[in-house]
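Notes to accompany the following structure.
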Amino acid sequence: MNWPIGLPSKQLGPLGLSDDMWAGSYPIERQQYSRVGSGRSNRPWLVPGAMAGGGSSSSSSTAGEEGRASARLRKKQKLHQQEEEEKGANPLDPRFSDYDPKEGEHIFTRFQHSSLDLHMESPVGAMHNTNRIFPEEGFLFCNSANIVSVNIVSSDYGYPLNVYGTIIARDSLDRQRVYLFQRGKDDCQNISSKNDALVLTGPKRGLMICDSIIFEVDLKVKDVNGRKVNDKRVSKGLMEINGIKRLSYPPKYQVQTEELVSMHSTLDLNYTFVRNAVEGTVEARILEGPVDFHGKIVARTSSFPCDIMLHDSELAGMLTAGDGGILQTARRVVSVSVDETLLLTIAAATSGVRTVEFTPKRGSYDEEKITCGDYKMLVKVTWSIVCW
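As C-alpha cells, this is what we get:
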C-alpha cells in the first residue's frame with residue numbers, strides 16, 4: 001500500500017528529554033513529513049446559523065442592534081467565502097483530508113483503508129500473548145517502538161496553549177486505533193512552552209512494526225491566554241515510522257524524531273525503534289506505607305539512554321493505591337529488545353530512589369520487592385511477545 005507521506009531525514013544535535021535526576025544527552029535523528037497533493041476547489045463551509053432576532057420594530061435601539069448583528073454576519077460569511085476561494089477544490093478524498101493553511105493546500109490527515117472502520121479502537125490489549133507457547137528455535141521476533149515524548153515545539157499562537165484532541169497509532173497488528181493522547185475540550189492540557197511534553201496515556205499495548213506505524217494527529221486549542229482563536233486546529237496530519245526502511249540501516253541506539261509541520265504549529269514525536277521486541281507491562285503495588293504516591297515512575301532500556309515516563313505526579317496527578325495497593329500509572333507498557341534489559345526507576349518525591357533491572361522473557365512475569373523511602377513496594381513486569 002502506498003502511504004501519502006514521504007520522509008526525508010537529517011541529523012540534528014542532542015536533545016535532553018530527561019528530568020535533571022536522570023539527565024543525559026543523546027543524538028536525535030529527525031524526519032520531516034512531506035505533504036502530498038494539492039488543488040483548488042469551491043466546496044463551501046457551513047456558515048453560521050441565522051441571527052436570532054427580537055424586540056419591536058418600532059424600537060430604534062433594537063433595530064440598531066439587529067443591523068449591527070446582520071453586518072457582522074455578512075462580514076463573517078464573506079470571510080468564509082474568501083477562505084473557500086483561497087482553498088480551491090480538494091483533489092484528495094475529503095474523508096481523509098483537510099485544508100492546511102500553513103501549507104496552502106489540502107493534505108492527507110487520516111489513514112486510508114477500504115474495509116476498515118477508522119473509528120474502531122483496537123480490541124487487543126497488553127499481555128495478549130503472555131500465556132502462549134512459542135518455539136525456541138526458528139522464531140522471528142517482530143520489531144516495535146517506544147514513544148518517548150510528543151512536544152509542540154513551535155506555535156503560531158505562541159504560548160501558553162490549552163490543548164485537547166487525539167494522537168493515535170495504527171500499527172501492523174490490526175491498523176485500528178491505539179490511543180497515545182486523548183483529551184476532551186473540558187480536560188485540556190496547558191502547554192506553557194516548547195519544552196512541555198504532552199502527558200501520554202498510551203499505547204495500551206506494545207506496538208508492532210512489520211511495515212510501518214501510522215500516526216494520526218488531531219490536536220486543537222481551546223484558547224490562548226484566555227483569547228479565542230479563529231482556527232482551533234493547532235496540529236493535524238499524518239506521520240509514519242517506516243519499519244522496512246529502518247531495517248535497511250545498522251541499528252541506531254538513539255532517539256529519533258518525526259516532525260509534523262501543519263495547521264498552526266510544529267509537532268515533534270520522539271521515539272526509539274526496538275528490534276526483536278517483547279512487551280513488558282509494568283505494575284507497582286504498595287505493600288506498606290502511605291496509600292498516596294507522589295513522585296515518578298520511569299522506564300528505560302539498557303541500549304537507549306533516554307527516559308520513558310510512565311507516571312509523573314506533577315503532570316498527571318497524585319497516585320492513590322487502588323484494589324490490592326496497585327498504582328494506576330498513566331502508562332504501563334514498554335517494548336524491550338530480547339538483547340536488552342529493562343530498568344525501572346521509582347522515585348518518591350521526598351524519600352528516595354530505587355532502580356530495578358529485569359531481563360526480558362518470551363512470556364510469564366518477573367517481580368521484585370523494594371523499599372523506596374516510606375514505601376515497601378512490589379514491582380512486577382509481565383512479558384508478552386509482540387506478534388499476531
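All the letters of the sequence shown, read from the start, carry residue numbers 1 to 388 under UniProt numbering.
We put the beta carbon where it would ideally sit given N, CA and C, even for glycine.
With respect to the C-alpha of Phe181, the residue from Ala197, Phe304, Pro160 having the closest C-alpha is Ala197.
Every beta strand (DSSP E) of 3 residues or more that sits fully in the stretch 300–382 is shown, in chain order, as 304–312, 333–337, 342–348, 352–358, 365–372. DSSP places Leu247 in the uninterrupted alpha helix (DSSP H) bounded by 243–247. Each of Ile152, Gly280, Thr109, Arg68 was checked against the Cα of Glu240, and the nearest Cα belongs to Thr109.
Just so you know, the alpha carbons of His113 and Arg95 end up roughly 11 angstroms apart. One thing to note: Thr201 has its Cβ no nearer than 8 angstroms to the Cβ of Thr382. In the DSSP assignment, Thr281 forms a beta bridge with Val333, Thr382. As DSSP reads the structure, Met263 sits in no beta bridge. Taking a cut-off of 8 angstroms on C-beta distances, the stretch 222–240 touches the stretch 162–169, as three or more cross pairs fall below it.
Counting C-beta pairs closer than 8 angstroms gives fewer than three between the stretch 240–251 and the stretch 120–137, which falls short of the contact rule. Of the residues Tyr99, Gly322, Ser149, the one whose Cα lies closest to the Cα of Leu310 is Ser149. For Asp100, the uninterrupted beta strand (DSSP E) run begins and ends at 97–100, by DSSP. The residue among Cys142, Ser172, Ile297, Gly324 with its C-alpha nearest the C-alpha of Glu314 is Ile297. Met208 is a Cβ neighbour of Cys387, given a cutoff of 8 angstroms.
Approximately 7 angstroms separates the beta-carbon atoms of Met263 and Pro101; this is inside 8 angstroms, confirming the contact. Under DSSP, Asn162 shares a beta bridge with Asn190.
Taking 8 angstroms as the cut-off, the beta carbon of Ala277 is found no closer than this to the beta carbon of Leu327.
Ranked by Cα distance from Ser351, the options Glu367, Gly373, Asn143 are led by Gly373.
Val379 is a Cβ neighbour of Glu368, given a cutoff of 8 angstroms. The Cβ neighbour count for Leu161, taken over all protein chains shown within 10 Å, is at least 16; the residue is labelled buried. Put simply, of Asp156, Glu216, Arg170, Arg132 the residue whose alpha carbon is nearest the alpha carbon of Ser144 is Arg170. A residue is called buried once 16 or more other Cβ atoms fall within 10 Å of its Cβ, and Pro250, having fewer, is exposed.
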